[in-house]
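In what follows, a single structure is set out as structure tokens and then discussed.
Protein chains in written order, with the numbering used here: chain A, 12 to 343; chain B, 12 to 343.
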């Protein structure tokens, strides 16, 4: 089983997960929609190659773990964390650790061997986002957990080890550093101004427009002022809402359209651009007026390297104003 | 000119440096010691392709910016920061920024087109480390700066855009987050125990030995307890010292031997392993009893991806105990 360990100097947690070293490596040539490989565990017909499904959107007359699904969620076969009882911490001298309790699932985003997410239909995007919400809602019932992160690694440069479109859900027994910093900042802004900083950012960027990618009835896509990565794009609901997983069906359909538009635009600028994305939603105990859920799309065209690891400061060679202009003009 | 921008939510700084987008891309096939390319700006004879040198170790009868050097330091041709007057901050509503004032230099580590650092001689390692120290000492004279980071990107997966062995020095007008967290932790340990946490770690790891790679007269190489990356290795001086750049000649020679041993061992496990390293030395104003300079070697065999960007928590599939055992047994 894996283990959380805390750096005794910086306080930073890591997950030591040796079982993940035996993951298969199954990456096709970039941009290539390879034919459904017999060896791809995520292709329809190969359901036996994954752990049993925990959720699926499938035709009503089909059996679990057989073809007939559109989106399928399974426990990660090489989990970084496992849902095994309570979490517990210990300290060995000045070295703190916790058992690797948590949840690690994989959302398989197409029954077909698609490797570039932008090739999926709007209906498929809707089904995927619906699956994300369903899993987060289900796992939020469990009082042991504190943080839920949906994330995607698309392309080998973005950390994917399997090419077939998929994303992941990790549930943690604590609120991790990036989320803590973000929540503390949003809270500070709320206490100082009485407003939500994300609402203020949306208002300003829609007025100023230089970092705006597009605005639809329900969503805004923009390149953030202090973007860490070239072409980094955030999608935010215009209506203030702290929890992604409470989004209604109309919002999910509108988000699907916005997310697909960003993917298609990004692909138009850099073909088969590798990228990560994350969905940031409020932890359960968070006061709701200061937090605003959103998606962060993080292209990995250049890499974080020694400078970033050493300082925590990112060098980004694409000004977000330039990125937004290119993305605005790219066809959706 | 580039610009520092602060994320108004998390407080995280980034450097927006559009000029860096025009960098040339010159990466040879992995592991291949390609012949000195006429197009490589770092090869001896091509000195005119770089900005003028600011430091070099060279034969006494040779001219600056001509062949005859062993190690050569130049200003980065595509600098993330520039040494242009005072730094100054401003705030545009809730968006803080600073001009991109600082220093960005390149240390060219061999006159020959070597791409794998482990192929360099011990004498060459000594000359490189001597160059690092000379540049940091010179730039520490300047009262405008607060933090000095030597770092290396070796291999395309580790963020290098030029294959010829080199490293970089960035000087910042503030102490960045990773360094602040580390210094605060070291200070906290000192206040609580009266001891240096790095000295305590060295003592414990040398006794326990399961994460020790090797111990020499002056240095210790170990895999840290909460390693972020597979095969992450730290090299620490056994004698308590806060400032790398004040190391005496005997220490530099001993460090060269230790660093070369780690490089050779790492290469023995993963041929041409891509890696970053950083040298962590105390900022000028730091009280000296709590801080202990060291090198962190950060192999990039798997990648930071969506989970890491979303949480700040790293997943590492190589337990440091296993990494240390493999590194211990690998030939130096």
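Note that the Cβ used here is the ideal one computed from N, Cα and C, for glycine as well.
These numbers come from a predicted model, not from an experiment.
Buried or exposed (CB count within 10 angstroms, at least 16 for buried), residue i
i                      : result
residue 338 of chain A : buried
residue 115 of chain B : buried
residue 322 of chain B : buried
residue 179 of chain B : buried
residue 261 of chain B : exposed
residue 220 of chain B : exposed
residue 314 of chain A : buried
residue 132 of chain B : exposed
residue 96 of chain B  : exposed
residue 205 of chain A : exposed
residue 287 of chain B : buried
residue 90 of chain B  : buried
residue 250 of chain B : exposed
Alpha carbon of residue i to alpha carbon of residue j, nearest angstrom
i                      : j                      : result
residue 185 of chain B : residue 156 of chain B : 7 Å
residue 293 of chain B : residue 265 of chain A : 50 Å
residue 103 of chain A : residue 111 of chain A : 16 Å
residue 18 of chain A  : residue 297 of chain A : 26 Å
residue 278 of chain B : residue 169 of chain B : 15 Å
residue 256 of chain B : residue 181 of chain A : 42 Å
residue 218 of chain B : residue 20 of chain A  : 20 Å
residue 25 of chain B  : residue 166 of chain A : 24 Å
residue 100 of chain A : residue 192 of chain A : 23 Å
residue 76 of chain B  : residue 34 of chain B  : 21 Å
residue 267 of chain A : residue 312 of chain B : 34 Å
residue 92 of chain B  : residue 122 of chain A : 48 Å
residue 147 of chain B : residue 159 of chain B : 7 Å
residue 71 of chain B  : residue 83 of chain B  : 14 Å
residue 271 of chain B : residue 290 of chain B : 15 Å
residue 31 of chain A  : residue 328 of chain B : 5 Å
residue 324 of chain A : residue 49 of chain A  : 43 Å
residue 201 of chain A : residue 214 of chain A : 15 Å
residue 307 of chain A : residue 283 of chain A : 18 Å
residue 79 of chain A  : residue 173 of chain A : 22 Å
residue 244 of chain A : residue 280 of chain A : 13 Å
Where residue i meets chain C, residues with beta-carbon distance less than 8 Å
i                     : result
residue 31 of chain B : The structure shown contains no chain C; its protein chains are A and B.
Same chain, Cβ closer than 8 Å to residue i, neighbours up to 5 away in sequence not counted
i                      : result
residue 197 of chain A : 207, 208, 209, 301, 302 and 303
residue 263 of chain B : 137, 140, 141 and 144
residue 151 of chain B : 159, 256 and 295
residue 246 of chain B : 230, 231, 232, 266, 269, 270, 273, 305, 306 and 308
residue 44 of chain B  : Residue confidence is low: residue 44 of chain B scores 45 on pLDDT, short of 50, so the model does not pin down where it sits. Its coordinate-derived value is still stated next. 124, 125, 126, 127 and 130.
residue 74 of chain A  : none
DSSP three-state assignment for residue i, whether helix, strand or coil
i                      : result
residue 178 of chain A : strand
residue 25 of chain B  : strand
residue 200 of chain A : helix
residue 42 of chain B  : Below a pLDDT of 50, predicted positions are generally treated as unreliable, and residue 42 of chain B, at 45, falls in that range; the measurement from the model is reported next regardless. Coil at residue 42 of chain B, not helix or strand.
residue 325 of chain A : strand
residue 336 of chain B : helix
residue 30 of chain B  : helix
residue 141 of chain B : helix
residue 131 of chain B : coil
residue 185 of chain B : coil
residue 151 of chain B : coil
residue 232 of chain B : strand
residue 159 of chain A : strand
residue 331 of chain A : helix
residue 385 of chain A : Only positions 12 to 343 of chain A appear in the structure, and residue 385 of chain A is not among them; the question remains open.
residue 17 of chain A  : strand
residue 276 of chain B : helix
residue 302 of chain B : coil
residue 261 of chain A : helix
Contact set for residue i: own chain, Cβ-Cβ below 7 Å, skip 5 residues either direction
i                      : result
residue 222 of chain A : 216, 233, 234, 236, 331, 332 and 335
residue 340 of chain A : none
residue 98 of chain B  : 109, 110, 112, 155 and 184
residue 15 of chain A  : 24, 26, 108, 109 and 111
residue 51 of chain A  : 37, 57, 124 and 175
Proximal residues to residue i (C-beta, below 6 Å), its chain only, five neighbours per side dropped
i                      : result
residue 349 of chain A : The first residue shown for chain A is 12 and the last is 343, placing residue 349 of chain A beyond what the model contains.
residue 63 of chain A  : 76
residue 285 of chain A : 166, 168, 169 and 311
residue 275 of chain B : 129 and 343
residue 117 of chain B : 85, 87, 177 and 179
residue 41 of chain A  : Caution is warranted here: a pLDDT of 45 is assigned to residue 41 of chain A, below 50, making its placement in the model unreliable, and no coordinate value can be reported.
Any non-hydrogen atom of the ligand COA closer than 7 Å to residue i Cβ
i                      : result
residue 116 of chain A : Annotation note on the ligand COA: not contained in the displayed structure, which lists no ligands.
Should the region 293-309 of chain A be called in touch with the region 142-158 of chain B, which here means at least 3 C-beta pairs below 8 Å?
-> Contact between the region 293-309 of chain A and the region 142-158 of chain B is absent, because fewer than three Cβ pairs lie under 8 Å.
Stretch-stretch touch, CB-based, cutoff 8 Å, three pairs: the region 225-232 of chain B with the region 47-62 of chain A = Short answer: they don't touch.
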